[in-house]
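Right, one structure below, let's go through it.
Residue numbers (the working numbering): 36 to 523.
This is how it looks when you write it as structure tokens:
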């Protein structure tokens, strides 16, 4: 039953992310980089607010309900209202600062969009309440379907607005209408639900829980949104933010898939710890690192070799300048994906202090490292500096969490399979050097070198022991089983 729920959750998450990508492609191709940049900037503020407030109180309700099945929804509702008031005050202060301070760098259009997107979040409060309440009662499929329906409406609204030639503001208001429609069914269901009585003690408990378990959620929210917010603070043109968003999208997509897959390990590790089966945990960590590496690194190599063509084909030739961002985003997505099991291992081991310290260090490193690289601006391109800052921050997170896990079990190592990194990293460097030294303007020579590297990757992988006969047997066995099911 648990496996079925996890697979359903994973499938719905993937489809939701694909819809988000498709709507971004429409905006990029039809609306252009400036519209895409302004929309992504405003949505980053929305994600930041969600990560700090909405997601933390939702997690708190899951904990509160597990402790007391008769908790009701009234206190949960009041905490949401309280956080919405706090959010409103923060947004108003930000708007006043931008209007009155000489340091304010956001345009009036961007400020209007930020406010509209925050209002959208308020409008979705019934949806958040209902989905979280259903999740707490383990009605996972119902919660996911309601959330999925909302994502469909919002993404359709974006696509329709941009297809009819709407501006950034029109797109935002179309999305607002979709948010309103999405809230109708949850609101009707909530009106029939058990709300219980208000208790100031329980209210304070919600706040306390949301603060205590918020570190990881906030850190992840910063990873998804702080980069665009920082670019806006430094008055980077909307077009450049649009290019950055295109390069960043594939990495975010793969990272989100990795986070969904890695999250499964929380229950797995909890079971191992309960059974005191530590050897199984070590094997699972090692195998996870190996399989993610041998799948992810070839994807990174392919993007290094053909990233410009991928961007041109999907988003349009104008976005080719996003190529460096694409590579850096794939690398930080890889590192982040590899980090997830170690976080869940600490959580399952009840090492909450180490877990929270690691999340705080990660969040602070995103801010500090990104600000430092933007200030130094080695590349004379703030978008590359910010993307590199995220990669370095994920590496810091990896160091912190693996080190924390090794304190629980000293056999846990910082890197289980460095050979994969070395081989595919070397192949990528071969192309980058060849491109600079030999290729020049020769497209024929360029295709020849890239094709040769790609063809050599698999045999080199076998010669160096990265891939084994067991991997081939695993893949062929899986394919044969699928074919037999189809023919039977």
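In this text, a Cβ means the ideal position worked out from N, Cα and C, and glycines have one as well.
Which listed residue (the options) has its alpha carbon closest to that of residue i
| i | options | result |
| --- | --- | --- |
| residue 93 | 169, 59, 141 | 169 |
| residue 317 | 239, 263, 127, 441 | 441 |
| residue 233 | 113, 500, 430, 504 | 113 |
| residue 187 | 166, 213, 165, 76 | 213 |
| residue 498 | 481, 253, 458 | 458 |
| residue 393 | 404, 374, 286 | 374 |
| residue 155 | 285, 119, 389, 480 | 119 |
| residue 150 | 330, 211, 381 | 211 |
| residue 203 | 332, 320, 287, 73 | 73 |
| residue 489 | 357, 333, 288, 470 | 333 |
| residue 77 | 145, 414, 433 | 145 |
| residue 159 | 418, 376, 53, 215 | 215 |
| residue 122 | 136, 147, 81, 434 | 81 |
| residue 330 | 455, 209, 166 | 455 |
| residue 358 | 416, 79, 185 | 416 |
| residue 162 | 283, 84, 478, 185 | 185 |
| residue 390 | 443, 369, 59, 176 | 443 |
| residue 240 | 85, 98, 479, 460 | 98 |
| residue 258 | 167, 371, 177 | 371 |
| residue 86 | 260, 479, 157, 148 | 260 |
| residue 356 | 367, 342, 366 | 342 |
| residue 326 | 398, 59, 505, 478 | 505 |
| residue 368 | 437, 282, 439 | 282 |
| residue 275 | 235, 419, 172 | 419 |
| residue 83 | 263, 491, 464, 428 | 263 |
| residue 208 | 165, 167, 147, 461 | 147 |
Exposure of residue i, with buried meaning 16 or more beta-carbon neighbours within 10 Å
| i | result |
| --- | --- |
| residue 290 | buried |
| residue 36 | Note that residue 36 scores a pLDDT of 46, beneath 50, so its modelled location is shaky; the value from the coordinates is reported in the next line. By the 10 Å Cβ count, residue 36 comes out exposed. |
| residue 116 | exposed |
| residue 143 | exposed |
| residue 466 | buried |
| residue 323 | buried |
| residue 101 | exposed |
| residue 278 | buried |
| residue 385 | exposed |
| residue 256 | buried |
| residue 38 | The predicted position of residue 38 is uncertain, since its pLDDT is 48 and thus under 50; a value taken from the coordinates is nonetheless stated next. Exposed: under 16 other Cβ atoms inside 10 Å. |
| residue 376 | buried |
| residue 486 | exposed |
| residue 446 | exposed |
| residue 483 | exposed |
| residue 103 | exposed |
| residue 314 | exposed |
| residue 500 | exposed |
| residue 412 | exposed |
| residue 141 | buried |
| residue 503 | exposed |
| residue 136 | exposed |
| residue 53 | exposed |
| residue 271 | buried |
| residue 437 | buried |
| residue 403 | exposed |
* Inter-stretch contact at 8 Å, needing at least 3 Cβ pairs: the region 101-108 / the region 219-229 -> Because the criterion of three Cβ pairs below 8 Å is met, the region 101-108 and the region 219-229 touch.
* Enumerate, from N- to C-terminal direction, the unbroken alpha helix (DSSP H) stretches of 4 or more residues contained entirely within the region 337-395. => Complete alpha helix (DSSP H) runs here, min 4: 358-383.
* Asked: Counting only runs that start and end within the region 67-144, where is the alpha helix (DSSP H) found for 4 or more residues in a row?
  -> Counting only runs of 4 or more, we get 68-84, 90-102, 109-135.
* To do: Taking 8 Å as the threshold, find out whether the region 127-138 comes into contact with the region 191-207 through three or more Cβ pairs.
  => With fewer than three CB-CB distances shorter than 8 Å, the region 127-138 does not count as touching the region 191-207.
* Three-pair Cβ contact test at 8 Å for the region 335-345 versus the region 356-366 -> A contact exists between the region 335-345 and the region 356-366.
* Asked: Three or more C-beta pairs closer than 8 Å, one from the region 261-273 and one from the region 342-352: is that the case here?
  -> Output reads no: the region 342-352 does not touch the region 261-273.
* Unbroken stretches of the alpha helix (DSSP H), 4 residues or longer, contained in the region 450-510 -> DSSP runs (the alpha helix (DSSP H)) wholly in the region 450-510: 453-469, 478-498.
* Any chance the region 418-427 sits against the region 449-462, with 3 or more Cβ pairs inside 8 Å? -> In short, these stretches do not touch, since the Cβ pair count stays below three.
* Asked: So does the region 65-72 actually touch the region 232-246, counting three or more Cβ pairs closer than 8 Å?
  -> Taking a contact to require three or more Cβ pairs closer than 8 Å, the region 65-72 and the region 232-246 do not qualify as touching.
* With a floor of 3 residues, list each beta strand (DSSP E) that falls wholly inside the region 152-186, ordered by position along the chain. => The region 152-186 contains no whole beta strand (DSSP E) run of 3 or more residues.
* Asked: If we count Cβ pairs, one from each stretch, closer than 8 Å, do we get three or more for the region 249-256 versus the region 206-223?
  -> Short answer: they don't touch.
* Would you check if the region 379-390 and the region 403-418 touch, i.e. whether three or more CB-CB distances between them fall below 8 Å? => No, the region 403-418 does not touch the region 379-390.
* Return the chain-ordered ranges of every alpha helix (DSSP H) run that is complete within the region 202-288 and spans a minimum of 4 residues. => Runs of the alpha helix (DSSP H) lying entirely within the region 202-288, each at least 4 residues long, are 203-226, 235-247, 250-268 in chain order.
* Asked: Taking the runs of the alpha helix (DSSP H) that are 4 residues or longer, which of them lie wholly in the region 407-452?
  -> The region 407-452 contains these whole alpha helix (DSSP H) runs: 417-443.
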